[in-house]
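Colleague: For the sequence shown, position 50 matches number 118 in my numbering, and the numbering has no gaps at all. Beta carbons: idealized from backbone N, C-alpha and C, even for Gly. All values derive from a computational prediction rather than experimental measurement. Dropping a structure here in structure tokens format, bear with me for questions.
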Amino acid sequence: MKTDEQTDPASPQATAPASTELPPTAPCTVVWCGGRPYVLETSAGHNRWVGTDHRGRPVALTSADLQRRGWTHTRAS
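See the structure below:
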């Protein structure tokens, strides 16, 4: 049985990623998002997470993007 919170797309539970923890801030840290690794690059005070998309093209994400998509320290099996 589903509750209103599970079916309502505007509810925080429906839109929040599995981890509400902020991504790490140490340079060269690796996290996993969507089954792909992302490495933190820092330059002149700007942080970005660099990885590849499903076609191997470079992708840069912000920490907010990673948090919204959901991330982990380990690769999902």
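1. With a cut-off of 8 Å on the beta carbons, I'd call A144 and W100 a contact; round off their distance for me.
2. Could you say which of N115, G103, T93 and P92 lies nearest to L129 if we only look at CA atoms?
3. Which whole-angstrom value is the C-beta distance of G103 and R137, which I expect to be below 8 Å?
4. Keeping to the same chain, check which residues put their C-beta closer than 8 Å to that of L90; ignore five residues upstream and five downstream.
5. Leaving aside the five residues before and after T120 along the sequence, list all residues of the same chain whose C-beta is less than 7 Å from its C-beta, in chain order.
6. Would you kindly work out how many angstroms separate the C-alpha atoms of T110 and P92, rounded to a whole number?
Modeller: The relevant details are as follows:
1. As a first step, residue 144 must be located in the sequence shown, where it is residue number 76. As a first step, residue 100 must be located in the sequence shown, where it is residue number 32. That belief holds up - the Cβ atoms of A144 and W100 are roughly 7 Å apart, short of 8 Å.
2. On the sequence shown, residue 129 is found 61 positions in, with the first residue counted as 1. Considering only alpha carbons, the answer is N115.
3. Mapped onto the sequence shown, residue 103 falls at position 35. Mapped onto the sequence shown, residue 137 falls at position 69. For a cut-off of 8 Å, the C-beta gap from G103 to R137 is around 11 Å, too long to register as a contact.
4. Taking the sequence shown and counting its residues from 1, the one referred to as residue 90 is at position 22. Closer than 8 Å at Cβ, skipping near neighbours: S131 and Q135.
5. Translated into positions along the sequence shown, residue 120 becomes position 52. Cβ within range, chain order: R104, P126 and V127.
6. Here residue 110 refers to the residue found at position 42 of the sequence shown. Here residue 92 refers to the residue found at position 24 of the sequence shown. Cα-Cα distance, rounded: 12 Å.
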